[in-house]
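Undergrad: Let me begin by handing over the structure; questions about it come next.
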Amino acid sequence: MDKLLNKRERDFLRPAIVHWWEIEISPNRKTALRDGDSLLPVNVGAIAESLIARGYLERVSMGFGRDIIRATDKSKKLHCYRCAYGKVINKKGQQGEDCPHCDGSILPERTNP
């Protein structure tokens, strides 16, 4: 059985799960970018490699040294659809308190299969 995700790994996965952003790696840049936006740099290191090895992320080669790291179906199943970005919507249509089912719109993993 796989290890459960810790907080740092959930924070790394959150943009890929909630916003469907991909990490673009280019040989011309020193840092990788989330969704190709230069205002959102990200370091691809040990956390990303461990998530790829555990099946939460996948690396897709686009050719000429360009790669994309994106969320897999295993990680997309962790998205909470009961709230908006970790906050419950009240009857007035405004964000209320924190969602009791998730942590920042990512469900905790099930321990029983």
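Residue numbers for the sequence shown follow this note's numbering, so the first one is 5 and each next one is one higher. From the three backbone atoms N, C-alpha and C, an ideal C-beta is built for every residue, glycine too. As the structure is a computational prediction, the values presented were derived from the model and not from experiment.
#1: Let me know the secondary structure DSSP gives L17 once reduced to three states.
#2: Looking at A20 and S109, is the spacing between their C-beta atoms short of 8 Å?
#3: Could you work out which residue in P31, V48, C87 and N47 is closest to M66 when comparing CA atoms only?
#4: Check whether the Cβ atoms of E13 and L55 sit closer than 8 Å, and answer yes or no.
#5: Bridge partners for I57 per DSSP, in chain order?
#6: If you measure between the beta carbons of Y60 and L17, is that distance less than 8 Å?
#7: Going by DSSP in three states, R38 sits in which element: helix, strand or coil?
TA: Checking against the coordinates, here is how it stands:
#1: helix
#2: no
#3: P31
#4: yes
#5: A quick correction: the sequence has Ala, not Ile, at residue 57. A57 is not bridged to any residue.
#6: yes
#7: strand
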